[in-house]
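First up is the structure itself, then whatever we jot down about it.
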Amino acid sequence: MKKLLTIFSISFLLVACGTSTKTSADLAVSTPIVTTINLTKVSNDQVPVVINPGRFTAETVTYRLPKVVQGTYSVSDFGKYVEDLKAFDYEGNELSVSKIDTNSWTISNATALDYITYMVNDTFDVEETGGIGGDTPFSPAGTNIEPDNYVLNLHGFIGYFDSLKNNQYTLDVTAPADFIRTSALQNVAEKMSEDGKTVTTSYFAPRYFDITDNPMMYGNLDVEEFEVGGIKIVLSIYSPNQVHTAKAIGETMKTMMEAQKAYLGDINSTPRYDIYLYLSRGDAKSPKGFGALEHHTSTVVVMPEAIPFEALAESMIDVVSHEFFHIVTPLSVHSEDVHYFDYNNPTFSKHLWMYEGVTEYFATLFQVDQNLISEDEFYAKITEKIQTASGMNDAMSFTIMSENVLDEPYASQYYNVYQKGALIGMCIDILMREESNGNRGILSLMKQLSQKYGENKPFEDDKLIDEITEMTYPSIGEFLQTHVVGDVPINYNKFFEKVGLEMGESRVETNLLQNSGALIFGANQADGSIYFNGLVSQNSFWHDNGVKPNDVIKAVNGEEVNIMSANSIFQKVFMWEPGQEIEVKVNRDGEEVVIKATVETSYTLGKTLVENPKANETQKSIRKAWLKG
């Protein structure tokens, strides 16, 4: 998962991946569970669902919607969005149903159960914080019900019976005939109604995991397909005001994914990969949790529709490249906790540093490896991760945090998996390059793990570090035990020295809200005002246009600024593009000052990685192998 947070959260751009064991009951019954979703029968913004599980031999059964879904590392409670759940016997009579918790219902006299029905509310239009620190699912894991668009993250519509998670599922989705529909779930049939107004599409899923792992999008979509290295890529976009097109975004995605595939080489992949992009209108009932949620062979992305194309393309490269690299881990390399995921009472692997951290590292490194960004731009990205990680708990065991990620004090440190987790991947990569004279890196390690395990063979969580040590070098095992299992902070300068780099100060590009990650604004809680703090003098755009420290911001492009409105307004400021005309009104010592300017790229003085002029040939050689494979 990759998240795009609000300005007063930890950062703008963020990314998530997940335990039970099989029982004999799971494998005992092979009757497919027949499910239907009817998008033509929406009532009161709710979609009807029917579940027909076949015959039970037990007198009481439990039906559940997921509490947690893979990839989110947070509680979603999809049962909250289910209403009016009823069970019927073969004579059409209602059976007794008891709701035992937020996500679970028990059905009595289950031997007579024919089917159950219920209505499902969507999550998008009840979001308060986009599921980030709030009580609604993170938007890309959520659901949408509106006349011209349905985001069908199926874990929000279809549940499971405790003993039947490994049963096959069939799913019939009925929708208006003019709807475009996309899903990587196996399509086995389509049938048009006699009046030609609706089409029912039949899908097949080998087990419940495949229901949750294959999202769908229906409605007024723009779809673009292309091929990358033998992988069929399907990009589906919902842009309510037709601001952005699949063709334009598809060109960016194709270039990026061709570079990713070239970087991955012969590592196991997938025959098809789907990208679902929902562009939010930005109104009260629109999703607010911007970012992406990975699935094994697809990703769901939510972004603001108002974002300029260049900013959207940059964000899509950031989040989708991360999600696509998940085909390495956890698709090919994952623990038993991930493979036998318990949606109601999950346990978590110790190795978020690998699932999310190494994935994020790949998503950063491949760009310089494939010449999508310069070495200086790569150094700036690494520096930013170090700066962000330094603001979090640097003396916390990553394995302990991973296992307890739903609970405090660990839950609030989750974002660090994309910062320090990626830096852990970098350190392993540099160590392996040093030990092998540049011939091996962390990608070769992941390929080796992928060959040993693969999609259908999980590893034992407690044995992974020993296996990695055996596959690599004692120094790798020592590093993992000290800085990942242990809680000793990493001295990054030690690793940069190995590749002839050092921290130096230079003029670096920044944005109009921060200087190298530090906000240039403050808030006065007493009167609810927002002001420029002292750091504004070091931000070239604002400084050059006459802004001074302690200027109180009254309005931006005609919108009044205060603590309540700052979040939404500053998100717009973050998306300003060079050449755009802007107007900012400030109060300076009781007088109104109007600043009219044309947006330009802003710079600040900041620490960044630079090449050490005294680096020897060995250091330079390892650096070249590190950056260019």
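The numbering of the sequence shown is our numbering, which starts it at 7 and goes up by one. We put the CB at the ideal spot given by N, CA and C, even for glycine. Just so you know, these numbers come straight off a predicted model, no measurement behind them.
Every beta strand (DSSP E) of 3 residues or more that sits fully in the segment 577-618 is shown, in chain order, as 587-594, 597-604, 608-617.
In this structure, the beta-carbon distance from Val75 to Tyr349 falls below 8 Å.
In this structure, Arg594 is the residue among Gly492, Arg594, Val491, His489 with its C-alpha nearest to the C-alpha of Asn539. Between Ile496 and the set Glu511, Leu519, Gln393, the nearest pair of CA atoms involves Gln393. If one requires a minimum length of 3 residues, the beta strand (DSSP E) runs lying completely within the segment 87-141 are 88-95, 103-107, 110-113, 119-127, in chain order.
Closest by C-alpha distance to Ser574, out of Asn226, Ile313, Ser608, is Ile313.
With a cut-off of 8 Å on Cβ pairs, the segment 75-94 is not in contact with the segment 150-158, counting fewer than three such pairs. Exclusion of the five residues before and after Ala190 leaves Asn220, Arg278, Asp280, Thr303, Ser304 as the residues of its chain whose Cβ lies within less than 6 Å of its Cβ. With a beta-carbon spacing of about 5 Å, Ile526 and Asn545 fall inside the 8 Å limit used to define contacts. Glu508 is bridged by DSSP to Val616. In the three-state reduction of the DSSP assignment, Gln520 falls in the strand class.
The continuous beta strand (DSSP E) containing Tyr282 extends over residues 278-286.
The Cβ atoms of Val334 and Ser456 lie closer than 8 Å to each other. In this structure, DSSP gives Val194 an extended state, which the three-state scheme calls strand. Taking the C-beta atoms as reference points, Tyr269 is found nearer than 8 Å to Asp375. C-alpha of Leu101 to C-alpha of Phe62: approximately 14 Å in a straight line.
Judged by pairs of C-beta atoms under 8 Å, the segment 182-202 touches the segment 221-232, as three or more such pairs exist. Spatial neighbours of Lys238 in its own chain (CB-CB distance under 7 Å, excluding positions within 5 residues in sequence) are listed in chain order as Glu231, Pro277, Arg278.
Taking the C-beta atoms as reference points, Tyr244 is found nearer than 8 Å to Leu285. As the crow flies, the alpha-carbon of Glu440 is around 21 Å from that of Thr365.
The alpha-carbon separation between Ala401 and Ala118 amounts to approximately 57 Å. Listed in chain order, the non-local C-beta contacts of Tyr459 below 8 Å within the same chain comprise Ser338, Val339, His340, Phe465, local neighbours out to five positions each way being set aside.
Here Glu508 is not near Phe501, since their CB atoms are 8 Å or more apart. Between Asp168 and Asp343 a beta carbon distance of about 18 Å is seen, past the 8 Å cut, so the two are scored as non-contacting. Per the coordinates, the alpha-carbon of Val234 lies some 49 Å from the alpha-carbon of Ala64. Ala369 sits close to Phe331, with the two beta carbons spaced by under 8 Å. Here Met398 is not near Met322, since their CB atoms are 8 Å or more apart. DSSP places Ile628 in the helix class (H, G or I) of the three-state scheme.
The bridge partners DSSP lists for Ala211 are Tyr175.
Here DSSP, grouped into helix, strand and coil, assigns Ile536 to strand. Contact between Ser403 and Val491 holds: their C-beta atoms lie close to 6 Å from each other, under 8 Å. In this structure, Thr41 and Ile151 do not form a Cβ contact; the two beta carbons are roughly 17 Å apart against a cut-off of 8 Å. The residues Asp219, in chain order, have a CB closer than 6 Å to that of His301 in the same chain once the five nearest residues on each side in sequence are set aside. With respect to Lys291, Ser145 sits apart: the two C-beta atoms are not nearer than 8 Å.
Going by DSSP, Thr68 is part of the beta strand (DSSP E) stretching over 67-70. Looking at the DSSP output, Val229 sits in a beta bridge with Ser242.
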